[in-house]
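Number of protein chains: 2
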Amino acid sequence: MRQAPILNVELGERSYPIIIGSGLLGAEDLGSYVKGDDCLVVSNETVAPLYLDLLQKSLAGKRVLSVELPDGEAYKTMDSVRLVIDALVDGKANRDATVLALGGGVVGDIAGFAAACYMRGISFIQVPTTLLAQVDSSVGGKTGVNHEGGKNLIGAFHQPSVVMIDTDTLMTLPDREFSAGMAEVIKHAAIADPAYFAWLETEMPRLMQRDAAPLGEAVRRSCEIKAQVVAEDEREHGRRAILNFGHTFGHAIENSMGYGEWLHGEAVAAGMVMAARLSGIPDGELTRLRNLLVAAGLPVKPPPIGAERLSAAMRMDKKVVAKEIRFVLLEKLGSAVVSAAYDRQRLAEVLAGAGDAA
Amino acid sequence: MRQAPILNVELGERSYPIIIGSGLLGAEDLGSYVKGDDCLVVSNETVAPLYLDLLQKSLAGKRVLSVELPDGEAYKTMDSVRLVIDALVDGKANRDATVLALGGGVVGDIAGFAAACYMRGISFIQVPTTLLAQVDSSVGGKTGVNHEGGKNLIGAFHQPSVVMIDTDTLMTLPDREFSAGMAEVIKHAAIADPAYFAWLETEMPRLMQRDAAPLGEAVRRSCEIKAQVVAEDEREHGRRAILNFGHTFGHAIENSMGYGEWLHGEAVAAGMVMAARLSGIPDGELTRLRNLLVAAGLPVKPPPIGAERLSAAMRMDKKVVAKEIRFVLLEKLGSAVVSAAYDRQRLAEVLAGAGDAA
Numbered sequence: 000m001r002q003a004p005i006l007n008v009e010l011g012e013r014s015y016p017i018i019i020g021s022g023l024l025g026a027e028d029l030g031s032y033v034k035g036d037d038c039l040v041v042s043n044e045t046v047a048p049l050y051l052d053l054l055q056k057s058l059a060g061k062r063v064l065s066v067e068l069p070d071g072e073a074y075k076t077m078d079s080v081r082l083v084i085d086a087l088v089d090g091k092a093n094r095d096a097t098v099l100a101l102g103g104g105v106v107g108d109i110a111g112f113a114a115a116c117y118m119r120g121i122s123f124i125q126v127p128t129t130l131l132a133q134v135d136s137s138v139g140g141k142t143g144v145n146h147e148g149g150k151n152l153i154g155a156f157h158q159p160s161v162v163m164i165d166t167d168t169l170m171t172l173p174d175r176e177f178s179a180g181m182a183e184v185i186k187h188a189a190i191a192d193p194a195y196f197a198w199l200e201t202e203m204p205r206l207m208q209r210d211a212a213p214l215g216e217a218v219r220r221s222c223e224i225k226a227q228v229v230a231e232d233e234r235e236h237g238r239r240a241i242l243n244f245g246h247t248f249g250h251a252i253e254n255s256m257g258y259g260e261w262l263h264g265e266a267v268a269a270g271m272v273m274a275a276r277l278s279g280i281p282d283g284e285l286t287r288l289r290n291l292l293v294a295a296g297l298p299v300k301p302p303p304i305g306a307e308r309l310s311a312a313m314r315m316d317k318k319v320v321a322k323e324i325r326f327v328l329l330e331k332l333g334s335a336v337v338s339a340a341y342d343r344q345r346l347a348e349v350l351a352g353a354g355d356a357a
Numbered sequence: 000m001r002q003a004p005i006l007n008v009e010l011g012e013r014s015y016p017i018i019i020g021s022g023l024l025g026a027e028d029l030g031s032y033v034k035g036d037d038c039l040v041v042s043n044e045t046v047a048p049l050y051l052d053l054l055q056k057s058l059a060g061k062r063v064l065s066v067e068l069p070d071g072e073a074y075k076t077m078d079s080v081r082l083v084i085d086a087l088v089d090g091k092a093n094r095d096a097t098v099l100a101l102g103g104g105v106v107g108d109i110a111g112f113a114a115a116c117y118m119r120g121i122s123f124i125q126v127p128t129t130l131l132a133q134v135d136s137s138v139g140g141k142t143g144v145n146h147e148g149g150k151n152l153i154g155a156f157h158q159p160s161v162v163m164i165d166t167d168t169l170m171t172l173p174d175r176e177f178s179a180g181m182a183e184v185i186k187h188a189a190i191a192d193p194a195y196f197a198w199l200e201t202e203m204p205r206l207m208q209r210d211a212a213p214l215g216e217a218v219r220r221s222c223e224i225k226a227q228v229v230a231e232d233e234r235e236h237g238r239r240a241i242l243n244f245g246h247t248f249g250h251a252i253e254n255s256m257g258y259g260e261w262l263h264g265e266a267v268a269a270g271m272v273m274a275a276r277l278s279g280i281p282d283g284e285l286t287r288l289r290n291l292l293v294a295a296g297l298p299v300k301p302p303p304i305g306a307e308r309l310s311a312a313m314r315m316d317k318k319v320v321a322k323e324i325r326f327v328l329l330e331k332l333g334s335a336v337v338s339a340a341y342d343r344q345r346l347a348e349v350l351a352g353a354g355d356a357a
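Sequence order for the protein chains is A and B. All residue numbers in the first sequence are consecutive under numbering that gives the first Met the number 0, ending with 357. All residue numbers in the second sequence are consecutive under numbering that gives the first Met the number 0, ending with 357.
Here you go:
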């Protein structure tokens, strides 16, 4: 039954496969990855009507419970985690139970964190249905929820036992969310693979039409890059931080605007242009990055919230080590480093792009 | 400055020392174990007035914040975890911050779980002040809180970076809590060391008078046994479960009575006698176990809550694997195994010791 291409995330005893393909939901047998009898599918009000029945077919022979969360980043809270845990308790789920996340990054983060905490950790499977989740959040084991004080302040590293990506689910994704996911695809190319970046420049029109062939290839290549970086540094003590390219500025934009105004990928897109400017790469490369983001329907500058406010929001970001902000900088397109050795004057100029305080 | 005896818990890159001695609080330099500048001491309303000032002396040169929780198992909830996380956010604690637990098992479980979740895991130091916490809960990395559906249903494995045990803190412990801690000391001997069991039989009168010399020795030997079992099986896939001797019955007693009626150690004491009876060890050994528990001021039979209710409570216990209850059984005093191969008729007799339903 396993015909879909499989990538492996190499993490010793926590290694796991990523199955990528078209038409997997309902056809691929996920039950063989579930060790006990009990499954809890965590989904949301938008995704469940579209794909819950199909996923249940992939779990034939198991006892499948489900819980539906409200849709949106605003619900990425401890209260939602509690709903999932309550469903596990009500279902008398034991240590052999498996939590499946069916949905985007928010569902995956909540479900994964609940699985990490229930009985100090039970199995977890990711079935991401958004581009953002497929190329980014479902791979790597980061789970967690937001706190009034900042994004993802409460969470755990909890690796899934398998990730199943059915690229057909991207056909129902709203345009704006599709573009937001493409920001992370572009990020992977920008930090790790100049040839992939050039390929994206050529293929972006077909990708934006959701042409299945290049789309499957982009998901596969992005997962491969992410899996490799994660395998080198599972708990983000060092190199894994390059995946945060554009995120220090991006989180600050999200924080300042209030969650939900800008999508994560949109904030990261503008953040990547800011980080690239701070890096001091040649104008030609900066233009290529900007053009590729525009071709993907993404913003390339921050909203006019004022340099002061943006700067303050950055300081509460959790990438602050020893009170000093470190940035992911590009050495050139396709190669990134984490550094606190940036030009302070240039940072002020980049922040000034957010305008004066209103 | 390090004169106190040090035990090591061998867990590869998660290995850590346990420092045991008299007069350590305020004298031993704990700051050298804290990598960043920021510490958050989590304590409760009972322990803070007694020992917070002394602990702060051991952290000279660090920025020390503190949070005080209400005292008692009833507060071992997600709400208390949230108080700790809020304190970290308010104090702008970053990834280099350290959470210190100053208190008993409840404080350690809450503080440890908060440290496990904050920014997906920050450093954690245990400074246990009850006998139960010193010999049991502070060693081994289990953290977590209760859910309406059961004890410790929400939690994480999160190893401390150091455990500092000042046995002087036992002098202020109420008698009933001291006895409850002694239940775990007796448990360690019963499951792992017949010579230690015989030594406890001889020394119990002096231990109950809180004579510093034998008390220090008992704490050291119990930590050693626990550390060794944990080192063999950190995440309780197998052998570590022997530490649950008496706990399947004990948790059921706690659950049936409502948390707080019986102390954990009291329930475990009665649970150990029940488990020993189920094991079918010779009457002479059963009597020795019972006598030692009585000498420690502990109950040796369950409250009259009825066999049915106790049986139902056991089934929700998280040690239920594949719908079948496994017990920790004694092969003889000083040696335990985990098994589902027990005599069903004898289990019914043991449960009948809880009387008929009221």
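For glycine and all other residues, C-beta sits at the position ideal for the given N, C-alpha and C.
request  = Pick helix, strand or coil for alanine 155/A, following the three-state DSSP scheme.
outcome  = The sequence position of residue 155/A within the first sequence is 156, counting from 1. Alanine 155/A: strand per DSSP, three-state reduction.
inquiry  = According to DSSP, simplified to helix, strand and coil, what is asparagine 93/B?
reply    = Against the second sequence, residue 93/B aligns to sequence position 94. Reduced to three states, the DSSP call for asparagine 93/B is coil.
message = Whole angstroms are fine: how far does the CA of isoleucine 121/B sit from the CA of isoleucine 241/A?
response = Along the first sequence, one-based indexing puts residue 241/A at 242. Along the second sequence, one-based indexing puts residue 121/B at 122. Approximately 21 Å, taken between the alpha carbons.
query = If you draw a straight line from the C-alpha of glutamate 216/A to the C-alpha of glycine 102/A, how long is it?
reply = Here the question's residue 216/A lines up with position 217 in the first sequence. Here the question's residue 102/A lines up with position 103 in the first sequence. Looking at the two C-alpha atoms, the distance is approximately 21 Å.
Burial state of histidine 236/B (16 or more Cβ within 10 Å) = Position 237 of the second sequence, counted from the first residue, corresponds to residue 236/B. Result: exposed.
Any 3 or more C-beta pairs closer than 8 Å across the stretch 257 to 272 of chain B and the stretch 300 to 314 of chain B = yes
query = According to DSSP, is serine 42/A helix, strand or coil?
reply = The count along the first sequence starts at 1 and reaches residue 42/A at position 43. Serine 42/A: strand per DSSP, three-state reduction.
message = Cutting at 7 Å between CB atoms, please list the residues of its own chain near tyrosine 351/B, excluding the five before and the five after it.
response = Residue 351/B sits at position 352 when you count from the first residue of the second sequence. The residue asked about is misnamed: residue 351/B is alanine in this sequence, not tyrosine. The answer, listed in chain order, is Ala306.
ask   = What is the DSSP secondary structure of lysine 318/A, counted as helix, strand or coil?
value = Locating residue 318/A in the first sequence gives position 319, where the first residue counts as 1. Residue confidence is low: lysine 318/A scores 47 on pLDDT, short of 50, so the model does not pin down where it sits. No coordinate-derived value is stated.
ask   = Quick one: which chain A residues come within Cβ less than 8 Å of isoleucine 84/B?
value = On the second sequence, position 85 is the one that residue 84/B refers to. Within chain A, the residues placing a beta-carbon under 8 Å from that of isoleucine 84/B are His146, Leu152 and Ile153, ordered along the chain.
inquiry  = Please list the terminal residues of the continuous alpha helix (DSSP H) segment that includes glutamine 227/B.
reply    = For the purposes of this step, residue 227/B is taken as residue 228 along the second sequence, with counting starting at 1. Here the alpha helix (DSSP H) through glutamine 227/B covers 211 to 231.
request  = State yes or no: is the beta carbon of methionine 118/B nearer than 8 Å to at least one beta carbon in chain A?
outcome  = Numbered from 1 along the second sequence, position 119 holds the residue referred to as residue 118/B. With 8 Å as the cut-off, methionine 118/B counts as an interface residue toward chain A.
ask   = Per DSSP, what kind of secondary structure is glutamate 67/B in: helix, strand or coil?
value = Here residue 67/B corresponds to residue number 68 of the second sequence, with the count starting at 1. It is a strand residue.
ask   = From what residue to what residue does the beta strand (DSSP E) around methionine 163/A run?
value = As a first step, residue 163/A must be located in the first sequence, where it is residue number 164. Note, methionine 163/A: beta strand (DSSP E), 161 to 165.
task = Using only alpha-carbon positions, find the residue among Ile190/A, Asp192/A, Pro204/A and Thr97/A that is nearest to histidine 157/A.
result = Mapped onto the first sequence, residue 157/A falls at position 158. It is Thr97/A.
Buried/exposed call for proline 159/B, threshold 16 Cβ in 10 Å = Taking the second sequence and counting its residues from 1, one reaches residue 159/B at position 160. Buried is the call here.
request  = Can you say whether proline 298/A is buried or exposed, counting buried as having 16 or more other CB atoms within 10 angstroms of its CB?
outcome  = Within the first sequence, the letter at position 299 stands for residue 298/A. So proline 298/A counts as buried.
request  = Would you mind sorting isoleucine 5/A into buried or exposed? The rule is 16 or more other CB atoms within 10 Å of its CB.
outcome  = Within the first sequence, the letter at position 6 stands for residue 5/A. Result: exposed.
task = Return yes when the Cβ of valine 83/A is within less than 8 Å of the Cβ of alanine 113/A, no when it is not.
result = By one-based count along the first sequence, residue 113/A stands at place 114. By one-based count along the first sequence, residue 83/A stands at place 84. For alanine 113/A and valine 83/A, yes; Cβs fall inside 8 Å.
message = So, under 8 Å CB-CB, alanine 155/B and alanine 115/A are touching, yes? Tell me the CB distance rounded to an integer number of Å.
response = To locate residue 155/B, count along the second sequence from 1; it is residue 156. To locate residue 115/A, count along the first sequence from 1; it is residue 116. Their Cβ separation, rounded to whole angstroms, is 7 Å, which keeps alanine 155/B and alanine 115/A in contact under 8 Å.
request  = Using a Cβ-Cβ cut-off of less than 9 Å, give me the residues of the stretch 237 to 262 of chain A that come near chain B, in sequence order.
outcome  = none
key: Residues that valine 88/A contacts on chain B, provided the C-beta gap is smaller than 8 Å   = For the purposes of this step, residue 88/A is identified with residue 89 of the first sequence, where counting begins at 1. His146, Glu147, Gly148, Gly149 and Leu152, listed in chain order.
message = Mapping the DSSP letters down to three states, classify alanine 353/A as helix, strand or coil.
response = Your numbering for residue 353/A matches position 354 in the first sequence. Three-state result, alanine 353/A: coil.
message = Classify glycine 270/B: buried if its beta carbon has 16 or more other beta carbons within 10 angstroms, exposed otherwise.
response = As a working note, residue 270/B is residue 271 in the second sequence. Classification of glycine 270/B: buried, given that the 10 Å Cβ count is 16 or more.
query = How should valine 105/A be labelled, buried or exposed, when 16 other C-beta atoms within 10 angstroms of its C-beta is the threshold for buried?
reply = Sequence index remark: in the first sequence, residue 105/A carries index 106 (1-based). By the neighbour-count rule (16 or more Cβ atoms within 10 Å), valine 105/A is buried.
Where the beta strand (DSSP E) containing alanine 335/A begins and where it ends = By 1-based counting over the first sequence, the position of residue 335/A is 336. Its beta strand (DSSP E) spans residues 334 to 338.
message = Tell me the residue span of the beta strand (DSSP E) that contains threonine 76/B.
response = In the second sequence, residue 76/B corresponds to position 77, counting from 1. First-last for threonine 76/B: undefined, no H or E at that position.
message = Starting from proline 16/A, trace the beta strand (DSSP E) in both directions and tell me its first and last residue.
response = As a first step, residue 16/A must be located in the first sequence, where it is residue number 17. Here the beta strand (DSSP E) through proline 16/A covers 15 to 20.
message = If you measure between the beta carbons of valine 88/A and glycine 148/B, is that distance less than 8 Å?
response = Your numbering for residue 88/A matches position 89 in the first sequence. Your numbering for residue 148/B matches position 149 in the second sequence. In this structure, glycine 148/B lies closer than 8 Å to valine 88/A by Cβ.
ask   = Quick one: is serine 264/A buried, meaning 16 or more other Cβ sit within 10 Å of its Cβ, or exposed?
value = Your numbering for residue 264/A matches position 265 in the first sequence. Looking at the sequence itself, residue 264/A is glycine, so the reference to serine does not match. Burial of glycine 264/A is indicated by the presence of at least 16 other C-beta atoms within 10 angstroms of its C-beta.
key: Residues within the stretch 183 to 201 of chain B neighbouring chain A, beta-carbon criterion of under 7 Å   = none
DSSP-derived helix/strand/coil call for alanine 86/B = Counting from one through the second sequence, the residue named residue 86/B turns up at place 87. Three-state result, alanine 86/B: helix.
query = When we look at the beta-carbon of aspartate 342/A and count the other beta-carbons within 10 Å, is it buried (16 or more) or exposed?
reply = Taking the first residue of the first sequence as position 1, residue 342/A is located at position 343. Using a 10 angstroms sphere on the CB of aspartate 342/A, the tally of other CB atoms stays under 16, which defines it as exposed.
query = Going by the beta-carbon positions, is the gap between glycine 140/B and isoleucine 153/B smaller than 8 Å?
reply = The count along the second sequence starts at 1 and reaches residue 140/B at position 141. The count along the second sequence starts at 1 and reaches residue 153/B at position 154. Contact flag unset, no.
query = How close, in whole Å, do the beta carbons of alanine 312/B and alanine 268/B come, if the pair is a contact with beta carbons under 8 Å?
reply = The count along the second sequence starts at 1 and reaches residue 312/B at position 313. The count along the second sequence starts at 1 and reaches residue 268/B at position 269. That belief does not hold up - the Cβ atoms of alanine 312/B and alanine 268/B are roughly 17 Å apart, past 8 Å.
message = For alanine 353/B and aspartate 108/A, what's the separation of their Cα atoms in angstroms?
response = As a first step, residue 353/B is located in the second sequence; it is residue number 354 there, counting from the start. As a first step, residue 108/A is located in the first sequence; it is residue number 109 there, counting from the start. Going from the Cα of alanine 353/B to the Cα of aspartate 108/A covers about 44 Å.
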